[in-house]
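Novice:
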Amino acid sequence: MMDLILGYLTIGLVNGSFYALLSLGLALIFGLLNILNMTHGVLYMMGAFAAWAGSRYLGLGYFGGLVFAPLCVAAFGVILERSLLRRTYGLDPLYGFMLTFGAAMIVQGGFQAYFGSTGLPYAAPDWLSGGLDLGFLYFPAYRLWVVAVALVVCVIVWIAIARTRLGSILRASSENAATAEALGVGVPRVFAATFALGAGLAGLAGALAAPIYQVSPLMGSDILLVVFAIIVIGGMGSIGGTIVSSYALALIESLTQALVPQAASFIVFAFMCVVLLLRPQGLFGISVVRSHEFLAARLPWIEPADKETAAKRLTGMVPVFAAVAALLALPMLLYPVYLMKIFCFTIFAASFNFLLGFAGIMSFGQAALFGTAAYLTAHAAREWALPPEAAIGVGIAAALVLGIVMGIFAIRRRGIYQAMITLAIAQMVYFVYVQASFTHGEDGIQSVPRGVLLGLIDLRDDTNVYWLCAAAMLAVLFGLRRLINSPFGMMLIAIRDNERRALSLGHNVDAYKLAAFAIAAFCAGVAGSMSAVVFQLATLSGVHWHLSGEAVLMALIGGIGTFGGPLVGAAVLVTMQHFLSPFGAWIVAIQGAVFVLCVLLFRDGLWPHALALAANLRRQDATSKSAEVPQAMEAIGR
Amino acid sequence: MPDADAVSLRLSHVQAWYGDSQALFGVGFAVRPGEVTCLVGRNGAGKTTILRAIMGLLPRQTGSIILSGREASGMRPYERTRFGIGYCPEERAIFSSLTVEENLALPPAVCAAGMAKADIFALFPNLRTRGRHYGDQLSGGEQQMLAIARILRTGAQTLLLDEPTEGLAPVIVRQIEHVLIELKRRGYTILLVEQNLDFVLHLADRVVAIENGSVVDDLETRGSEHVKARLLERLAL
Ligand SMILES: Nc1ncnc2c1ncn2[C@@H]1O[C@H](COP(=O)(O)OP(=O)(O)OP(=O)(O)O)[C@@H](O)[C@H]1O
Ligand SMILES: [Mg+2]
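Keeping their order, the protein sequence lines are chains V and E.
Throughout, this note's numbering is defined as the position within the first sequence, counted from one, plus 596.
Throughout, this note's numbering is defined as the position within the second sequence, counted from one, plus 295.
1) So which residues of chain V does M350/E contact, with C-beta pairs closer than 7 Å?
2) Cβ of Q310/E less than 9 Å from any chain V Cβ?
3) Can you give the Cα-Cα distance for L353/E and H308/E, rounded to whole angstroms?
4) Can you list, in chain order, the stretches of the beta strand (DSSP E) that have 3 or more residues and sit fully within the stretch 392-468 of chain E?
5) According to DSSP, simplified to helix, strand and coil, what is L334/E?
6) Between the stretch 473-487 of chain E and the stretch 513-523 of chain E, can you find at least three pairs of beta-carbon atoms closer than 8 Å?
7) Pick helix, strand or coil for G608/V, following the three-state DSSP scheme.
8) Return yes when the C-beta of Q490/E is under 8 Å from any heavy atom of ligand 1, and no when it is not.
9) Quick check on A787/V: does DSSP put it in helix, strand or coil?
10) Which ranges does the alpha helix (DSSP H) cover as unbroken runs of at least 4 residues, wholly within the stretch 1157-1184 of chain V, from first to last along the chain?
11) Note down, in chain order, every chain V residue with its Cβ under 7 Å from the Cβ of S303/E.
12) In three-state terms, what does DSSP make of Y718/V?
13) Given that I765/V touches chain E, what residues does it touch there, using C-beta distances under 8 Å?
14) State the CB to CB distance for the pair F948/V and A1147/V, rounded to an integer number of angstroms; the pair is presumed to be in contact (CB under 8 Å).
15) Do you know how far the Cα of A1107/V is from the Cα of N1094/V?
16) I'd like to know whether the C-beta of E771/V is nearer than 9 Å to at least one C-beta of chain E.
17) Across which residues does DSSP place T317/E in a beta bridge pair?
18) If we ignore side chains and look at the alpha-carbon of each, how far apart do H888/V and A1123/V end up?
19) Within the structure, which residues are defined as neighbours of ligand 1 by a Cβ-heavy atom distance below 5 Å, reported in chain order?
20) Who are the neighbours of A388/E on chain V, taking C-beta pairs under 7 Å?
21) Given that G782/V touches chain E, what residues does it touch there, using C-beta distances under 9 Å?
22) Could you confirm whether any beta carbon from chain E is found closer than 9 Å to the beta carbon of W897/V?
23) Using a Cβ-Cβ cut-off of less than 8 Å, give me the residues of the stretch 736-769 of chain V that come near chain E, in sequence order.
24) I want to check one thing, is the minimum distance from the CB of E458/E to the heavy atoms of ligand 3 below 8 Å?
25) With distances taken between CB atoms, is the gap from F1191/V to M641/V smaller than 9 Å?
26) Are the C-beta of T449/E and some C-beta of chain V separated by less than 9 Å?
27) For a test of the three-state rule: what should DSSP assign to T484/E, helix, strand or coil?
28) Report the neighbours of P459/E on chain B: residues whose CB is nearer than 7 Å to its CB, in chain order.
29) Between the C-alpha atoms of D1058/V and V823/V, what's the straight-line distance to the nearest angstrom?
30) Verify the CB distance criterion: does G426/E have a CB-CB separation below 9 Å to chain V?
31) Need the endpoints of the alpha helix (DSSP H) that S841/V sits in, please.
32) CB of E385/E to nearest heavy atom of ligand 2: below 8 Å?
33) Cutting at 6 Å between CB atoms, please list the residues of its own chain near T460/E, excluding the five before and the five after it.
34) Assuming M958/V and L965/V make a contact with CB atoms under 8 Å, what is their CB distance in whole Å?
35) Across which residues does DSSP place F735/V in a beta bridge pair?
36) Excluding sequence positions up to five away, which residues of its chain have a Cβ less than 6 Å from the Cβ of A795/V?
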């Protein structure tokens, strides 16, 4: 037993090394650029591929690869930063988050489509193939080497930041980039260099990992979330703290692997939740107030001056009426399943849109709620043979409970941290479902019976399901609209715009936020339950964080904080998936490209553009001509 | 050698906005080399905004800003400092994660004639013993001195100083006033925002009065009694 534990500890040290290299870069980038770099996982993966490609096509040896890979990845990082990321500076950090999310989809999707998902082998040099026998413990030489390299590199970076002039420039720019620039510091170059450094460290980690794990396009997608959790646990602003937490958590993780294997995949996330409850600033973080200040940036698309337009946008629902009426009147012209998918996704997107657009809460874990509802509805209908209304009720209730739990954690932080927390919790939920038997693993719960709704409406008839879906969508959209215009909604918007003022006026801000979270969870639950009924299927993809990303994407395409945005976004996404299916494996990359373009070009979303266009057409009818470029076109960036 | 007409800094028709609200409405004036120009005006008049416009720190601005004969609008802030401009913001903006020495060494040199450390410590004796302290361990007066010292190190010849004596104890105020007088004697070009009219009239070669984001007066200070009366009336101070 002891041997087993010690063996796992060596694995912990190795993983800790990868975590340290990754979290160091991620924390530096976050501290300076205020961007949560969602590409960090693919940068790690690219490092492994660069080492592999260097050896295969350039005849580089292992050590050549160890230099070549970080340089390649750093160069890619500079290109990414200069061409895309810099366009989001000065905007809300959520844009940077979404942009890097899209970029990561492009890279990962592209690699997956090109290389497939099977791993490519990459060998360590012979002299590192032995091991070190310490008597009580056998430490493979290559792992020892990884730990040594990572530690040396981390310590060098740490000292360089704490002691050198370049380090002081980095620290000053992280603290206040505008002032540093006004003093003559070439901040754009500092940004590019820092991103390159972070990317290079990720690339080094990838090259080091290549001989241990196989070189595969998916190798970075799960590690990214763990590294996020480590940053939250370690706390921002402490490089030493980040490094220490990386190793500590990797050791805890591997110890769990030895003792309670089922819990290993989510122990880090559970740990993160505990830390957030007891010490929100993280173990080594400086202070909550400061990091709150740091993230208090307001969403630019819903500035207080926009309040009237936000209300106006809501009253501009007439076209939706028309569109929905059209869809209802002509259900059989279009493939009903396609329409029902749009409806379900509309409800799902509306849930995210409500949270972010009106409560200012960024949830990147909506898929956990969707998937939970889907699983439970499917299970209740199939195994317990409940009628559809009860099965749907069970699913929604489960989503609601989970949403409240998630909300309790999420509302403790704001902005990007909030996104990370919800993402981490969703990831835990995902791992639970991966292991639980009732979900039937990769197969999912199949052939879910639809039954007879309330004993009256036979849902085995597609037309009836279609009506049910359409009704659910309308109920959710208009229900949310009612809610937003109620005193409760006004209060949410007031909190979103100025939380401190709401607090000082004596409002129970946390209760409002939690209520908002619960409402959004309810809607996500409706979406999930409906999808289980419509597709008679509940699978892991319904809980996967990619689906959460799609909620963000739909809301963004449609226009966050708008009434009809979710419908437009869902229609675009579902249609896109429909038409892109011939591209097979490239679909993820194409979707990522659309995501990136949306962030760059249509930050307001299509819905406001559509409204402006409609208004224009109406005016053109009346006064023949006076084309007016939608003001949102300004959003193209510098 | 600059000829008589040369200016260190010239603003024309500068307009600026914070979000949708306009803060500057066509500001124009010039600062001549070796002179001290003071910006006066009531709170919220737009003095700080003018300095920020010169540095290019505003979200949106139009008009022309000429630094040492070159059009600078459209340049990034750090490029503007290359013309020998040193900016000392109202909030001082000492970096708390940097030591005093690191704060001093942060801005890159813009010309070879930067002030030597010994010289700086002679001007600001309070800083001499504080080299290893972090920025947030300094008093307000020390922070102000460090903020001025920081730009002298770079060799900047044109100094933009935003209310360097605001909120400080009288003895510190006097110390900083002495430094300003000494800097003028050494030939620095200074654009100073200052509330104390007596000190303004003592130091300035030219006073520019700002009201609601516009220049309402632009006066030479020779014959200072007349100027003072006029400024007092202008600003209703
Ligand atoms: N960051 C900002 N956002 C919005 N409005 C601002 C901002 N900074 C200044 N303003 C507004 O611009 C106007 C000019 O402000 P400015 O700070 O330039 O005044 P000032 O003359 O420096 O005042 P003071 O003597 O108080 O320093 C004021 O009406 C102010 O309310
Ligand atoms: Mg001011």
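Glycine included, each C-beta is placed from N, C-alpha and C at the ideal position.
Treat the numbers as computed from the prediction; the structure is a model and nothing was measured.
Specialist: Let's see:
1) A778
2) no
3) 15 Å
4) 453-457
5) strand
6) no
7) helix
8) yes
9) First, the residue type needs correcting, since residue 787/V is Phe and not Ala in the sequence shown. Helix at F787/V.
10) 1161-1176
11) Going along chain V, no residue has its Cβ under 7 Å from S303/E, so there is no contact; the nearest lies around 17 Å.
12) coil
13) L401
14) 4 Å
15) 16 Å
16) yes
17) Per the sequence shown, the amino acid found at residue 317/E is Gln instead of Thr. Looking at the DSSP assignment, Q317/E forms a beta bridge with W312/E.
18) Residue placement at H888/V is poorly supported in this model, since its pLDDT is 32, which falls under 50; the coordinates are not used for a value here.
19) Y313/E, A318/E, N338/E, G339/E, A340/E, G341/E, K342/E, T343/E and T344/E
20) N772 and T775
21) R371, Y373, E374 and P403
22) Only weak support exists for where W897/V lies, its pLDDT of 34 falling under 50; the value from the coordinates is given anyway. It does not; no Cβ of chain E falls within 9 Å.
23) R761, S764, I765, R767 and A768
24) What this structure holds is ligand 1 and ligand 2, not ligand 3.
25) no
26) yes
27) strand
28) In the structure shown, chain B cannot be found, because the protein chains are V and E.
29) 45 Å
30) no
31) I835 to L855
32) yes
33) V468 and I471
34) Between L965/V and M958/V the Cβ distance is about 15 Å, and since that is not below 8 Å, they are no contact.
35) L728/V
36) L639, V669, A670 and G673
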